Structure formats: structure tokens, C-alpha cells
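When the letters of the sequence shown are read in order and numbered with my numbering, they come out as residues 63 to 225.
Note that the Cβ used here is the ideal one computed from N, Cα and C, for glycine as well.
In this text the structure is predicted, and so the values were computed from the model without any measurement.
To keep things clear, I will list the structure first and then write my remarks on it.
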Amino acid sequence: MDRFDSALFLLRTVFGLFLAFHGINKVKNGIAGTAGWFASIGMKWPGLQARTAAATEIGAGMMLAVGLATPVACAAIVATMLVAIITVHWRVGFFIFLPNGGWEYCASIIATAAALAISGPGRFSLDHAFGWELSAPTGLFAVGAGAALAVVHLVVSHRPKGD
Numbered sequence: 063m064d065r066f067d068s069a070l071f072l073l074r075t076v077f078g079l080f081l082a083f084h085g086i087n088k089v090k091n092g093i094a095g096t097a098g099w100f101a102s103i104g105m106k107w108p109g110l111q112a113r114t115a116a117a118t119e120i121g122a123g124m125m126l127a128v129g130l131a132t133p134v135a136c137a138a139i140v141a142t143m144l145v146a147i148i149t150v151h152w153r154v155g156f157f158i159f160l161p162n163g164g165w166e167y168c169a170s171i172i173a174t175a176a177a178l179a180i181s182g183p184g185r186f187s188l189d190h191a192f193g194w195e196l197s198a199p200t201g202l203f204a205v206g207a208g209a210a211l212a213v214v215h216l217v218v219s220h221r222p223k224g225d
């Protein structure tokens, strides 16, 4: 058993499940509360965006947990967390313990997703089982695609208060 592959398996599985649980939390007591909060931060279609955020966290999290289409899952995570930083957390400050949470937690999620996109999911993954061995440049492209998706999302559908 290779240490690197074992470490990737542990990181990818735990990280993916944590993200999936965050998505489940958005829907477990009804999506209306999440949609209401999304409306309060200026999202143009809060119901749709709350469902999309939850589905992204659940779907991408589970994909990471099993190592399936890892660059795609990482791109989705980068996009979601970058939107969270820009719409909510940046203005609060760096530290997570600040009221309304600073951006350090979301940035840590982005960094972890980027590292997994670049490294790949490792041998103990569905990607490996299917023979989908992707290069580091593919992972970098996925991270860039996630950032681009976040920008497009914000341009199309975010209306900050006062706009």
C-alpha cells in the first residue's frame, strides 16, 4: 500500500463527505431557509441557487469521496466556494471565528480542492479503476474553469444590496 495513495484516499474521502454533509444541511430542514438567506445576500434566483448549491456540495462531495471525475468535482467546489467568499465572507475579514465567518475556511476548501485536482485522486479511486489518469495541467485547468464559472455565476445572478 503506497503512502501517497493512502493519504489521498483519506483526504479525498473525508473532505468529500464533509462537503456532502454541508449540502445535506442546506436541505435537511427544508430549502426555504437557505433560499431566504441567499435572497438576503443578493442572489437573483435564491430558490434555484440554494438548490444548486446544495446539489453541488452533495454531488461533488460524493464524487470526491469515491474519486469519480475528480477534476470536475474539484471545479464545482472551487466555483461554489469562490462565490461564497465574494458574496459573503471577504468583507467580514480573514478569520472564521469573526461574526458571519471570515474567508479562511472557504479558501482552505478551495486550496484542498485545487490540490486534489492537481494531484489526482490516487490509486484507490473510481477514476483509477476506470483508467482515467489525468495530468496536473488538467487539474489546473479544472481549477481555472471553476473560477471562471464562479465569475459567470456572479455576473449573471448576483445583485448585491444597494444595486
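**Message:** Using C-beta distances below 6 Å, list every residue in its chain close to ALA201, excluding the 5 sequence neighbours before and after it, in chain order.
**Reply:** The residue asked about is misnamed: residue 201 is Gly in this sequence, not Ala. Contacts found: PRO133, ALA179, ILE180.
**Prompt:** Taking the runs of the beta strand (DSSP E) that are 3 residues or longer, which of them lie wholly in the region 79-111?
**Reply:** Given a length threshold of 3 residues, the region 79-111 has no whole run of the beta strand (DSSP E) inside it.
**Request:** Look at the alpha carbon of VAL89 and the alpha carbon of PHE192, and state the distance between them as a whole number of angstroms.
**Result:** Those two C-alpha atoms are separated by around 32 Å.
**Asked** Any idea which residues DSSP pairs HIS220 with across the strands?
**Response** Answer is MET105, bridged to HIS220.
**Request:** Using beta-carbon positions only, say whether ALA127 and GLY208 come within less than 9 Å of one another.
**Result:** Contact: no.
**Prompt:** Taking all protein chains shown into account, do 16 or more other C-beta atoms lie within 10 angstroms of the C-beta of GLU195, making it buried, or fewer, making it exposed?
**Reply:** It counts as exposed.
**Request:** Flag PHE77 as yes when its Cβ comes closer than 8 Å to any non-hydrogen atom of the ligand COA, and as no otherwise.
**Result:** With respect to small molecules bound, the structure shown includes none, and the ligand COA cannot be examined in it.
**Asked** Closest by CA to HIS84, which one among VAL205, ILE139, VAL217?
**Response** When each option's Cα is compared against that of HIS84, the closest is ILE139.
**Request:** Report the three-state DSSP secondary structure of TRP194 (helix, strand or coil).
**Result:** DSSP places TRP194 in coil when its eight states are reduced to three.
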